[in-house]
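Enquirer:
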Amino acid sequence: LSWAVAVAVTDGRLALMLGSGKTLLRPGTRSQPGRRSQPGVRSGNVGIGRGRAIGSGRGSGRRSTGIVMSSTADRSSDPHIAKLQELSFASELHPEGKPSERVKQLGLVLEGRLPKNPLGVYHPMLLAGAPVGGLAQAHVSGQVPRNPDGSLCCGIAGATATEEEAVEAARACGLTMLATLENQLGSLDRIKRVVKVNGFVASSPDFQKHPIAINAVSHLFMDVFGPAGKSARSAVGVAALPLGILCEVEAIFEVDLS
Numbered sequence: 047l048s049w050a051v052a053v054a055v056t057d058g059r060l061a062l063m064l065g066s067g068k069t070l071l072r073p074g075t076r077s078q079p080g081r082r083s084q085p086g087v088r089s090g091n092v093g094i095g096r097g098r099a100i101g102s103g104r105g106s107g108r109r110s111t112g113i114v115m116s117s118t119a120d121r122s123s124d125p126h127i128a129k130l131q132e133l134s135f136a137s138e139l140h141p142e143g144k145p146s147e148r149v150k151q152l153g154l155v156l157e158g159r160l161p162k163n164p165l166g167v168y169h170p171m172l173l174a175g176a177p178v179g180g181l182a183q184a185h186v187s188g189q190v191p192r193n194p195d196g197s198l199c200c201g202i203a204g205a206t207a208t209e210e211e212a213v214e215a216a217r218a219c220g221l222t223m224l225a226t227l228e229n230q231l232g233s234l235d236r237i238k239r240v241v242k243v244n245g246f247v248a249s250s251p252d253f254q255k256h257p258i259a260i261n262a263v264s265h266l267f268m269d270v271f272g273p274a275g276k277s278a279r280s281a282v283g284v285a286a287l288p289l290g291i292l293c294e295v296e297a298i299f300e301v302d303l304s
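For reference, each letter of the sequence shown is one residue, going 47 to 304 in the numbering used here.
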């Protein structure tokens, strides 16, 4: 993937962009009414994205300068930051096929997993922020461990359910997540990477294998999305979950809307 950085200075304000410009930081400045900003760069924003070099833009009579640097030249000299840059911006999908193809190759069953009469008042998915360069973040609501026949995986890990059953329930949550993504986006191929996974396991106080249970979700996403399926993550134990379910998982994805 190619990356570029643009630095624009307008009336003393600094705008830094990487690639196509997803917003990461807003220092507090605001664009003035009637003022045209540099194409792809909002005043006072720091953005990040993929695959598009950004140069100098046209202003409204105010001086604006642009500097463009290549991705290799801009790689941080700090090894910690450089590693994070590589993990965050250079993840690739599975080498053996697109996500939709991987679902078929793995024989995953997504049918029957969507809720028919949800009890909560919520949206299954919402996009956060205005998409830039076609990329946006999709926040997916908590997914329950629903089987293709509509039944749920219920219990309390360490009490009425085993570690193996907790793993199975977490994987079922991941499959329900894939079904929701496909239903909301029209295709799993719009997903470019998994950003964050939050997993909740209903468990007894002495149960300590929450990460092992949520590993089932991470492994599933890596099987479908390849290296881009490995995300930031939390695995949390709770006293109880809705409907008595054993596990619930929510996640954030980077999606291509173009």
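All C-beta atoms, glycine included, are put in the ideal place defined by N, C-alpha and C.
1. Counting only runs of 4+ residues fully inside the stretch 236-299, write out the alpha helix (DSSP H) ranges in chain order.
2. Let me check one thing: in DSSP terms, what residues is HIS185 bridge-paired to?
3. For my contact list, ASP302 and ARG236 are in at a C-beta cut-off of 8 angstroms; report their separation, rounded to the angstrom.
4. Sorted by chain position, which residues of the same chain lie with C-beta nearer than 7 angstroms to CYS219's C-beta, five sequence neighbours on each side aside?
5. Considering THR222, what are the terminal residues of the alpha helix (DSSP H) in which it resides?
6. Once the 5 residues before and after VAL241 are set aside, which same chain residues still bring their CB inside 8 angstroms of it?
7. Taking all protein chains shown into account, do 16 or more other C-beta atoms lie within 10 angstroms of the C-beta of ARG217, making it buried, or fewer, making it exposed?
8. In chain order, what residues of the same chain have a beta carbon less than 8 angstroms from the beta carbon of GLY143, not counting five sequence neighbours either side?
9. With a threshold of 16 other CB atoms inside 10 Å of the CB of GLU210, please say whether the residue is buried or exposed.
10. Take HIS256 and list the residues in its own chain whose beta-carbon comes closer than 7 angstroms to its own, dropping the five residues that flank it on each side.
11. Any idea what DSSP makes of LEU303, helix, strand or coil?
12. I'd like the list of long-range same chain contacts for PHE267, defined as Cβ closer than 6 angstroms, with 5 residues on each side in sequence excluded.
13. From ASP172 to GLU228, what does the alpha carbon distance come to, in whole angstroms?
14. Applying the criterion that 16 or more other CB atoms from any shown protein chain within 10 Å of the CB defines a buried residue, is GLY245 buried or exposed?
15. Assign ALA203 to one of three DSSP states: helix, strand, or coil.
16. So LEU130 is in the alpha helix (DSSP H); what residue range does that whole segment cover?
17. Residues in the same chain with beta-carbon distance under 7 angstroms from THR206, minus the five sequence neighbours each way, listed in chain order, please.
18. Could you check if LEU289 is buried or exposed, using at least 16 other CB atoms within 10 Å of its CB as the buried criterion?
19. I need the DSSP call for PRO194, collapsed to helix, strand or coil.
20. Quick check: the Cα distance between ASN163 and GLN230, rounded to an integer number of angstroms?
21. Do GLU138 and PRO273 have their C-beta atoms closer together than 7 angstroms?
22. Please classify THR208: is it buried, with 16 or more other beta-carbons within 10 angstroms of its beta-carbon, or exposed?
Expert: By the coordinates alone:
1. Fully enclosed alpha helix (DSSP H) runs of 4 or longer: 256-271.
2. Translated into the one-based positions of the sequence shown, residue 185 becomes position 139. Note: HIS185 sits in a beta bridge opposite LEU172, ILE298.
3. As a working mapping, residue 302 is identified with position 256 in the sequence shown. As a working mapping, residue 236 is identified with position 190 in the sequence shown. Their Cβ separation, rounded to whole angstroms, is 5 angstroms, which keeps ASP302 and ARG236 in contact under 8 angstroms.
4. The count along the sequence shown starts at 1 and reaches residue 219 at position 173. Result list for CYS219: GLN189, VAL190, PRO191, VAL263, CYS293, GLU294, VAL295, in chain order.
5. Position 176 of the sequence shown, counted from the start, is the residue given in the question as residue 222. Unbroken alpha helix (DSSP H) run through THR222: 209-231.
6. In the sequence shown, the residue the question calls residue 241 occupies position 195. Hits under 8 angstroms: GLN183, SER277, ALA278, ALA297, ILE298, PHE299, GLU300.
7. If you number the sequence shown from 1, residue 217 lands on position 171. With 16 or more other Cβ atoms within 10 Å, it is buried.
8. Position 97 of the sequence shown holds residue 143. Excluding positions up to five away in sequence, the list reads GLN151.
9. The residue labelled residue 210 in the question sits at position 164 within the sequence shown. By the neighbour-count definition (other C-beta atoms within 10 Å, threshold 16), GLU210 is an exposed residue.
10. Here residue 256 is taken as the residue at index 210 of the sequence shown, counted from 1. Exclusion of the five residues before and after HIS256 leaves VAL247, SER249, ALA281, VAL282, GLY283 as the residues of its chain whose Cβ lies within less than 7 angstroms of its Cβ.
11. Position 257 of the sequence shown, counted from the first residue, corresponds to residue 303. Residue state, collapsed to three classes: coil.
12. Along the sequence shown, one-based indexing puts residue 267 at 221. Within the same chain, and ignoring the five residues on either side of PHE267 in sequence, the residues whose Cβ sits closer than 6 angstroms to its Cβ are VAL240, GLY275.
13. As a working note, residue 172 is residue 126 in the sequence shown. As a working note, residue 228 is residue 182 in the sequence shown. Looking at the sequence itself, residue 172 is Leu, so the reference to Asp does not match. Counting only the Cα atoms, GLU228 lies some 14 angstroms from LEU172.
14. In the sequence shown, the residue the question calls residue 245 occupies position 199. When all chains shown are included, GLY245 counts as buried.
15. One-based indexing of the sequence shown puts residue 203 at position 157. In the structure shown, ALA203 sits in a strand (DSSP, three-state: E or B).
16. On the sequence shown, residue 130 is found 84 positions in, with the first residue counted as 1. Taken as a continuous stretch (DSSP letters only), the alpha helix (DSSP H) holding LEU130 covers 125-135.
17. Looking up residue 206 in the sequence shown gives position 160. Contacts found: none.
18. Counted from its first residue, the sequence shown places residue 289 at position 243. It counts as exposed.
19. To locate residue 194, count along the sequence shown from 1; it is residue 148. Three-state result, PRO194: coil.
20. Counting from one through the sequence shown, the residue named residue 163 turns up at place 117. Counting from one through the sequence shown, the residue named residue 230 turns up at place 184. Going from the Cα of ASN163 to the Cα of GLN230 covers about 17 angstroms.
21. If you number the sequence shown from 1, residue 138 lands on position 92. If you number the sequence shown from 1, residue 273 lands on position 227. With a cutoff of 7 angstroms on beta-carbon distance, GLU138 and PRO273 are scored as near each other.
22. In the sequence shown, the residue the question calls residue 208 occupies position 162. Counting Cβ neighbours within 10 Å, THR208 comes out exposed, since fewer than 16 surround it.
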